[in-house]
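Trainee: Numbered by full-length UniProt numbering, the letters in the sequence shown go through residues 1 to 170 in order.
Let me begin by handing over the structure; questions about it come next.
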Amino acid sequence: MVADDGPPDADDPGDIDDIDEVDAAALLERAGFDADESVLTDRQAEVLALRERGLRQSDIAGRLGTSRANVSSVEASARDNVERARETVAFAEALAAPVRVEIEAGTDLYDAPKRVYDACDDAGVKVNQTAPDLMKTIGDRAGDAVHGREVRNRLFVTVDADGTIRVRRP
Numbered sequence: 001m002v003a004d005d006g007p008p009d010a011d012d013p014g015d016i017d018d019i020d021e022v023d024a025a026a027l028l029e030r031a032g033f034d035a036d037e038s039v040l041t042d043r044q045a046e047v048l049a050l051r052e053r054g055l056r057q058s059d060i061a062g063r064l065g066t067s068r069a070n071v072s073s074v075e076a077s078a079r080d081n082v083e084r085a086r087e088t089v090a091f092a093e094a095l096a097a098p099v100r101v102e103i104e105a106g107t108d109l110y111d112a113p114k115r116v117y118d119a120c121d122d123a124g125v126k127v128n129q130t131a132p133d134l135m136k137t138i139g140d141r142a143g144d145a146v147h148g149r150e151v152r153n154r155l156f157v158t159v160d161a162d163g164t165i166r167v168r169r170p
């Protein structure tokens, strides 16, 4: 669960001076939130919007007439739903990509570009990255699945028709 209930950071431009000035409904409307089309509930969206504006969980709890623990739970569920939605989109994009390369655990990261280039050549897709840039892209997007030159967890590298590279961890 998200348990950050510390004071807003004064250097953060998203923080506010008067929590009562924040209109959650207006924030959601300006962001184009539609509960019928979203994976978030109205309450989850409201909590995220208020947190993004620098409100503490305890302040939000007071506004909503609930406990800080409840706000923490709602926020954690909302963030989990957002992450699941991102993974679903990434999966759908991977299915549609003309190039899909699996990089097995234990692979040397230096071997990944050749595998991606070979698959792209077979599919007639152009990659606009040099081998070092491609290694950096894979390493950066894989997070802790890559350590040094070692791929520690299986990765899927996809390249769509315009050369956009995506890296997913199953």
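Glycine included, each C-beta is placed from N, C-alpha and C at the ideal position.
The model shown is predicted, which means the values in this text are computed figures rather than measured ones.
Answer yes or no: do residue 104 and residue 158 have a C-beta to C-beta separation smaller than 8 Å?
Mentor: Looking up residue 104 in the sequence shown gives position 104. Looking up residue 158 in the sequence shown gives position 158. Result no, Cβ atoms of residue 104 and residue 158 do not sit closer than 8 Å.
Trainee: Of the residues 132, 149, 100, which one's Cα is nearest the Cα of residue 167?
Mentor: Taking the sequence shown and counting its residues from 1, the one referred to as residue 167 is at position 167. Selected option, being the one with the closest Cα: 100.
Trainee: Against chain D, with Cβ distances strictly below 8 Å, would residue 54 count as a contact?
Mentor: Here there is only one protein chain, and chain D is not present.
Trainee: For residue 216, does the three-state DSSP call read helix, strand or coil?
Mentor: Any question about residue 216 goes unanswered here, given that the chain covers just 1 to 170.
Trainee: Per DSSP, what kind of secondary structure is residue 102 in: helix, strand or coil?
Mentor: Within the sequence shown, residue 102 is the residue found at index 102, counting from 1. Three-state DSSP puts residue 102 in a strand.
Trainee: Out of 36, 37, 23, which one is the CA nearest neighbour of residue 46?
Mentor: Position 46 of the sequence shown holds residue 46. Considering only alpha carbons, the answer is 23.
Trainee: Among the residues of its own chain, which have a CB less than 8 Å from the CB of residue 67, if the five just before and after it don't count?
Mentor: Here residue 67 corresponds to residue number 67 of the sequence shown, with the count starting at 1. Counting only Cβ-Cβ distances below 8 Å, and skipping sequence neighbours, we find 61.
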